[in-house]
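This report concerns only the one structure given below.
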Amino acid sequence: MALITQTYLSLLSFWSTLMARTGNKNIQAKLVLLGDMGTGKTSLVLRFVKGQFYDYQESTIGAAFFTQILSLNEATVKFDIWDTAGQERYHSLAPMYYRGAAAAVVVYDITSMDSFIRAKRWIQELQRQGDHCFLTILFIDLLGNPNLVMVLVANKTDLETKRKVETEEGERYAQENGLLFIESSAKTAQNVNELFYEIAKRLAKACPMPPTGIKLHNETQGGRRLFCCTG
Amino acid sequence: MFGTQSRREISHEFQPSMQYWKPSIHTRRANIVVKFQDLYGFTVEGNVDDVNVLNEVREKVRQQGRVWWALEASKGANWYLQPQISSISESVASLKLSSVANSIVLKRLIRKGIPPILRPKVWLSVSGAVKKRSTVPESYYNDLISAVEGKTTPATRQIDHDLPRTFPGHPWLDTPEGHASLRRVLVGYSFRDSHVGYCQGLNYVAAMLLLVMKTEEDAFWMLAVLLENVLVNDCYTPNLSGCHVEQRVFQDMLAKKCPRIAAHLEDMEFDVSLVATEWFLCLFSKSLPSETTMRVWDVLFYEGAKVLFHVALAIFRVKEEELLMTSQIGDIISILQRTTHHLYDPDDLLTVAFDKLGSMTTNAITKERKKQEPAVMAELDQRLRRLNSIKVDDESPSVSPVAPR
């Protein structure tokens, strides 16, 4: 019983850390970017965080970290962004980066069918991670987040002439799996800010905070919902 | 384009230009950011203080050069080409006294830095690359390159993808000639060891080797000796298992050598491998200024992979107080990034790495690796099984991949 209580309490603290570290509509959210090498993960982040774009962006090793703050009417969202390496063998490092994430952006390149297949794998792994977390929830700390906001991003729309993955294909997969779907171009900046705004809105919606700060019963509700979603 | 002349000389010379960079009237104020090229041709952005430090480093490099030349004059041109103690299995007693004395002198000298002009010769010798090359026919590299010309593999496709993404903007690396050289070295190695093939990160390592070694063939042999002898096994293989082991060993060492930082990071649930993975896989080439990276590699090739731990620990140690004040993961990362990018004076880092952390023997590290290996392998294995179960789902896409609740 003591163990369960403790786990429950740590869940509560996790929930409040994840969704509202400082309370009062200030949301701090960990966001992870996943996807095949060269799909434009770093370019999307750099476009969002610094407004920059390079035709040849240095390949990421391990992962890179960025932060950016977005102000919405309903909340201020501070993103802690982990931009991961895309090469298949770096896959074994990924759990370290997506553990505890509030949002996951899975990117593919519209000119590469392989990258779309890889994106589907990522999504399945993330979904599986949520289940895995439910099974081990009482024994190990919380590894995944069942309320994870997931976005499938079809990047490089500036290369329309070389397109190999049709919009409908990505859209259909996203719909079937309950994901947000956005087609973007880090190069032209098309839909890049929209992508992060959409995530911020979802996070704010998932986390209705009273303007006067966190009350215990609100946290309890959050905790219950967490159980509810997984159970 | 892929000619096979016996020694491909890299035409573009990156001899350290010993000209001093003089801050102009416009850059007198330290907070003005200026751009300039460092010893290896990389564009550096920094303030006037950074420029001054780099000028001091250039002067120290020249002084160090004089020390090496003086030793050559007194001991003979190739005095350091003798086998090192660690590579000899016979008892120490059987070694000549002069050899022992030389290796002590050499160790001390190398920690103070090898002059850039001597680096190719000294690296080839002390790392064991010369010995490695002597076991194959002289035409090995050219034969290999000719044999693999025109072949396409997953590795070559990934290499091609990364060529323009390896230090973009560098005045030699980012030219058709630079890309072609880097490609030959990486593709050649991917065929030499098809288990490693190509691992992202090696592109940066090979690029730096090309800048230092001047010939492609020498860069290739340095890459080979690095992966096959200097570093721990399986660092770059498909599951990066060696790299995972090194990260765990590093965590353990941080707890021993910098217990306050380790405890603080643990409280914040910050896993050091979030930042240290890139350091270990790129051997600091993406984080430290080029001459500082090369000074780390000087010692790495002579003393072995334990040097990476020394340097990584030193980076945490030099910013200990600042790191202890952090309360956000973003702050830890930005402190570490700012620190590594500005370590223009290699001695600032290496003094801490080798004089302030106490000893770390290769034996102790080997023991720690053996201890960590089973857990790493079990974790990777478990993960692989889980991923394989996902692949089954992939074959029947109509079924929702979310397990029934």
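In order, the protein sequence lines correspond to chains A and B.
Residue numbers for the first sequence follow this note's numbering, beginning at 39 and rising by one.
Residue numbers for the second sequence follow this note's numbering, beginning at 451 and rising by one.
C-beta atoms are modelled at their ideal positions from N, C-alpha and C, and glycine is treated no differently.
Give me the DSSP bridge partner(s) of residue i.
i	result
A:Met109	A small correction: the amino acid at residue 109 of chain A is Ser; Met does not occupy that position in the sequence shown. BP columns for A:Ser109 point to A:Thr114.
A:Phe23	No answer is possible for residue 23 of chain A: it lies beyond the span of chain A, which begins at 39 and ends at 269.
A:Thr122	A:Ala101
B:Lys485	B:Glu495
A:Leu69	A:Ile119 and A:Ala141
A:Ser223	A:Gln228
A:Asn193	A:Asp147
A:Leu218	A:Val189
A:Asn64	A:Thr114
Tell me which same chain residues have a C-beta within less than 7 Å of the C-beta of residue i, skipping the five on either side of it?
i	result
B:Thr812	Gly754 and Lys756
B:His645	Thr687
B:Arg583	Trp671
B:Leu636	Ile609, Tyr648, Leu652, Asn653 and Ala656
A:Ala139	Lys68, Leu69, Val70, Asn183 and Leu186
B:Leu704	Ile711, Ala712, Val722, Leu763 and Phe766
B:Val680	Ser577, Leu750, Phe751, Gly754 and Ala755
B:Met718	Ile779
A:Gly100	Ala123 and Leu131
B:Leu594	Gly638, Phe641 and Arg642
Given residue i, which residues of its chain have a CB within under 6 Å of its CB, disregarding the five upstream and five downstream residues?
i	result
A:Asp74	Gly124, Ser153 and Arg156
A:Ile175	Because A:Ile175 carries a pLDDT of 40, less than 50, the predicted location of this residue cannot be relied on, and no value is offered for it.
A:Leu84	Gln90
B:Pro854	Confidence at B:Pro854 is low in this model, with a pLDDT of 36, below 50, so its placement is unreliable and no value can be given for it.
B:Lys707	Leu763 and Leu807
Do residue j and residue i have their beta-carbon atoms positioned less than 8 Å apart in this structure?
i	j	result
B:Val695	B:Arg819	yes
B:Gly651	B:Ser640	no
A:Arg127	B:Asn497	no
A:Val115	A:Ala67	yes
B:Tyr530	B:Val576	yes
B:Pro796	B:Val572	no
A:Thr105	A:Phe86	no
B:Pro570	B:Met658	no
B:Gln697	B:Thr743	no
A:Asn229	A:Ile161	no
B:Pro618	A:Tyr92	yes
B:Ile840	A:Arg166	yes
B:Thr789	B:Val768	yes
A:Gly76	A:Asp121	no
A:Lys194	A:Ser223	yes
B:Pro566	B:Leu660	no
A:Leu108	A:Ala238	yes
Could you tell me whether the Cβ of residue i comes closer than 8 Å to any Cβ of chain B?
i	result
A:Leu71	no
A:Gln228	no
A:Gln213	no
A:Arg156	no
A:Gly89	no
A:Arg127	yes
A:Met75	yes
A:Leu85	As written in the sequence, residue 85 of chain A is Arg, which differs from the Leu given in the question. So, not an interface residue.
A:Glu163	yes
Strictly under 8 Å for the Cβ-Cβ distance: is residue i near chain A by that measure?
i	result
B:Arg833	yes
B:Thr742	no
B:Pro688	yes
B:Glu495	no
B:Phe728	A small correction: the amino acid at residue 728 of chain B is Glu; Phe does not occupy that position in the sequence shown. For B:Glu728, the answer is yes, since a Cβ of chain A falls inside 8 Å of its Cβ.
B:Gln513	no
B:Asp702	no
B:His714	no
B:Ser549	no
B:Leu733	no
B:Ile765	no
B:Asp721	yes
Can you list, in chain order, the residues of its chain whose CB lies under 8 Å from that of residue i, leaving out five sequence neighbours each side?
i	result
A:Leu236	According to the sequence shown, residue 236 of chain A is Glu rather than Leu. Same-chain partners within the cutoff: Val189, Leu218 and Ile220.
A:Met151	Lys202 and Val203
B:Tyr591	Gly638, Glu666, Glu667, Phe670 and Trp671
Can you find a heavy atom of the ligand ZN that lies under 7 Å from the Cβ of residue i?
i	result
B:Val494	No copy of the ligand ZN appears in this structure; indeed no ligand is present at all.
Which residues of the segment 91-103 of chain A have a Cβ closer than 9 Å to any Cβ of chain B? Give them in chain order. Tyr92, Asp93, Tyr94, Gln95, Glu96, Ser97, Thr98, Ile99, Gly100, Ala101, Ala102 and Phe103
Interfacial residues, the segment 102-125 of chain A to chain B, with Cβ spacing under 7 Å: Phe103, Thr105, Asp118, Ala123 and Gln125
Please list the residues of the segment 600-620 of chain B that have a C-beta atom closer than 8 Å to any C-beta atom in chain A, keeping them in chain order. Gln608, His611, Asp612, Pro614, Arg615, Thr616, Phe617 and Pro618
What are the residues of the segment 775-791 of chain B that lie near chain A, defined by any Cβ-Cβ distance shorter than 7 Å? Ile779, Gly780 and Ile783
When you check each C-beta in the segment 129-155 of chain A against every C-beta of chain B, which residues fall closer than 7 Å? Ser130, Leu131 and Met134
Could you name the residues of the segment 630-658 of chain B whose beta carbon sits closer than 8 Å to any beta carbon of chain A, in the order they occur along the chain? Cys649, Gln650, Gly651, Asn653 and Tyr654
Interface positions of the segment 800-831 of chain B facing chain A (Cβ-Cβ less than 7 Å), listed along the chain: Leu830
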